[in-house]
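Working notes, structure below.
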Amino acid sequence: MPSRRKITYSSRSNHAARNAHAQGARQFKTYDTSHIRPKKSKGPLAFGIVLGIIVLVALIWGGSTLLNGCSTATLKEGQTVELTIAEGSGAKALG
Numbered sequence: 062m063p064s065r066r067k068i069t070y071s072s073r074s075n076h077a078a079r080n081a082h083a084q085g086a087r088q089f090k091t092y093d094t095s096h097i098r099p100k101k102s103k104g105p106l107a108f109g110i111v112l113g114i115i116v117l118v119a120l121i122w123g124g125s126t127l128l129n130g131c132s133t134a135t136l137k138e139g140q141t142v143e144l145t146i147a148e149g150s151g152a153k154a155l156g
């Protein structure tokens with residue numbers, strides 16, 4: 062098995078160098094790096110909003126079509142309709 066080499070921050074691995082790096086790590090442990098972090102993409106949020114609007118419009122349109130779909134030709138009380146159907150016509154002609 063090859064020998065494991067101890068990796069340090071400096072080429073001189075002495076007590077002073079290790080101490081300096083440990084001190085630096087302690088000082089910058091709570092360092093605020095939020096200004097150098099990459100910004101989150103707004104693409105998924107925009108896609109979700111657009112998709113939500115499309116679904117909402119589709120639901121409103123579907124509901125209005127469902128409620129108004131069969132009520133376009135109504136007769137008032139006492140009115141009659143005369144319908145002439147050619148012989149041999151099927152149910153499609155009745156519609």
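The sequence shown maps to residues 62 to 156 in our numbering.
Note that beta-carbon positions come from the ideal geometry of N, C-alpha and C, so glycine has one too.
Remember, predicted model here, so these are calculated numbers, not experimental data.
Residue i versus residue j - alpha carbon distance
i	j	result
S102	F108	11 Å
G113	L120	11 Å
G104	Y92	29 Å
K100	F89	22 Å
8 Å contact criterion, which residue i and residue j should meet: CB distance rounded
i	j	result
A154	I146	6 Å
Close beta carbons around residue i, own chain, < 6 Å, minus the five adjacent residues each side
i	result
N80	none
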